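In our numbering, the protein residues as written are 11 to 580.
Don't be surprised by glycine CBs; every beta carbon is placed ideally from N, CA and C.
Note that the structure is a prediction, hence the values are computed from the model and not measured.
Okay, structure first, notes after.
Structure representation (structure tokens):
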């Protein structure tokens, strides 16, 4: 019996040990899964951060060439793709946030509860085990005491019987032995009763232990384990649902990228390129045949392999510079730079766009100043009505400063609007169609023609930069002398002092910063020593030492009618 009881207790203890190990392993599994989700969340956060940085890295910089390129559909499509990519990164941040709030935080709270519940159940099991062991020890103790009392009663009875049969023993001793035997029998009876009670109690407790307490504890542990497994399953399902929830928005982001790609229009982009870079130049006329004759030198270009010198019309400028005609397509302009304030170094169409953009910027600045002025005026009105809120006079300095800024900006805008009106009035497509061909002369008589001096073709300064003529109203009457030397160039030999062929009057001031040019003031009278050869420049002389080129459109020329290649300007 005792051996069977020992085996049962040992088996129960082993089962508790096994369950304790298993439930601890279950807790570790939940912790491991929670760590997995946490690392996934960190990956999503880092991925979203890298995607955002990538999108930000390729965003067009302000006031840069990339920002200007946004007028092209392909560039706008790429910008839309970057914006969609930024939203796409946001969805990965949502995934990380939901994983943290719906799984990691929930599992963390559940693990705390699970550990507490597990500890409670195993404590109850240990208490039940300890209680049954205590009851068993009490039963064993009462059993041994009952056995001992029974043996003592037997010995006392035997002693009494010996004393009673012995004739030499006094009656008093016999009575004493009898009383001792009775007392021992009573103690044995009491021990028996106590033993019986403990046995009944133990059997009841043992029955309750094995059929009620321990099964209940095992049942609770089982339910706890099932809830743990169920919670892990729910977390795994949530893990998938977190991804599934963002799929519609991710799909919209991808649809946006697809839509952006489908919005690319190659023809529109190519038209934008044409619109952006068209110069407004008229195509050059045919190249004339040059015959070779004794004593004549044929015109030569600076480079026999380049058209950048306007088809051989290069002329030696003072200081060794050369004049260039219009830039031909695909000829690289090496004279790029900030240029003058009026953008006169640009082709007509480009100049118009630059001026218009400048006017738009000034209008924006004026609007900002006006908004500030309105706000300050309202603030001053409030101060005047409620002096306790502030001093109205404190606003006056700022209002005066804004008024000066507005006046300055308006003056600046008038200046640019004047330049814009000037260039728009001379653009070929804004002029009289009958005057769009520069160099075409309408015959009025046998030796004179009239030309609209509307600068249908732009000129290029001696250093390669562009200038534009300043008036679209000036009309020129040209008398062409029928002399064979009309298009003669300078010889390659030493340049001699050229004779005066006429006079001119400056109708606009010109600052000759480039090599080979000469500065003039408005109204100044100069001598003409070389007429315009079609490149937009006239060579003039102030005195014996000062001479250079000025834009033909800046001066009013009066050529002598007997001069070689003479042209009379009225």
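Contact between residue 513 and residue 568 holds, with the beta-carbon distance rounding to 5 Å and staying under 8 Å. Around the Cβ of residue 39, a 10 Å sphere holds fewer than 16 other Cβ atoms; the residue is exposed.
In this structure, the CA atom of residue 538 is about 11 Å from the CA atom of residue 562. Following the DSSP letters along the chain, one finds residue 297 in no alpha helix (DSSP H), marked with neither H nor E. Beta-bridge partners of residue 516 (DSSP): 565. Remark: fewer than three beta-carbon pairs, one from each stretch, lie closer than 8 Å, so the segment 162-182 and the segment 208-224 are not flagged as touching. One Cα belongs to residue 239, the other to residue 37, and the distance between them is close to 10 Å. Residue state for residue 557 is assigned as strand, using DSSP reduced to three classes. Per DSSP, the unbroken beta strand (DSSP E) holding residue 539 starts and ends at 535-540.
Counting of Cβ neighbours within 10 angstroms places residue 200 among the exposed residues, the total staying below 16. In the three-state reduction of the DSSP assignment, residue 405 falls in the helix class, which pools H, G and I.
Setting aside the 5 residues that flank it on each side, residue 212 is surrounded in the same chain by 145, 146, 149, each with a C-beta closer than 7 Å to its C-beta; the list follows chain order. Residue 409 places its beta carbon less than 8 Å from that of residue 386. DSSP, reduced to helix, strand and coil, places residue 549 within a strand of the structure shown.
Excluding the 5 residues flanking it on each side, residue 190 has same chain C-beta neighbours closer than 6 Å at 166, in chain order.
Under the three-pair Cβ rule at 8 Å, the segment 384-398 does not count as touching the segment 414-429.
Contact check for residue 44 against residue 111 fails: the beta carbons are separated by 8 Å or more. Its Cα nearest to that of residue 128, the residue 228 stands out among 279, 432, 228. Residue pairing of residue 530 in beta bridges, as defined by DSSP: 520. Taking every protein chain shown into account, the CB of residue 350 has fewer than 16 other CB atoms within 10 angstroms, so this residue is exposed.
Under the DSSP assignment, residue 168 falls in the alpha helix (DSSP H) whose first and last residues are 115-175. Residue 98 is positioned such that its CB atom lies no closer than 8 Å to that of residue 283.
The Cβ neighbour count for residue 101, taken over all protein chains shown within 10 Å, is at least 16; the residue is labelled buried. For residue 519, same chain residues with a beta-carbon under 6 Å away, outside a window of 5 residues either side, are 531, 532 in chain order.
Taking the Cα of residue 55 as reference, the smallest distance to any Cα among 42, 105, 91 is reached at 105. With respect to residue 231, residue 29 sits close: the two C-beta atoms are nearer than 8 Å. In the assembly as shown, residue 368 is a buried residue. Its beta-carbon has 16 or more other beta-carbons within 10 Å.
DSSP places residue 245 in the uninterrupted alpha helix (DSSP H) bounded by 224-272. The DSSP-derived three-state label of residue 355 is coil. Secondary structure at residue 508: coil, using DSSP grouped into helix, strand and coil. With respect to residue 83, residue 285 sits apart: the two C-beta atoms are not nearer than 8 Å. Here DSSP, grouped into helix, strand and coil, assigns residue 179 to coil. Just so you know, the alpha carbons of residue 65 and residue 266 end up roughly 15 Å apart. Judged by DSSP secondary structure, residue 102 falls within the alpha helix (DSSP H) whose first and last residues are 83-109. For residue 68, no alpha helix (DSSP H) segment is defined, and its DSSP state is neither H nor E.
Taking every protein chain shown into account, the CB of residue 130 has fewer than 16 other CB atoms within 10 angstroms, so this residue is exposed.
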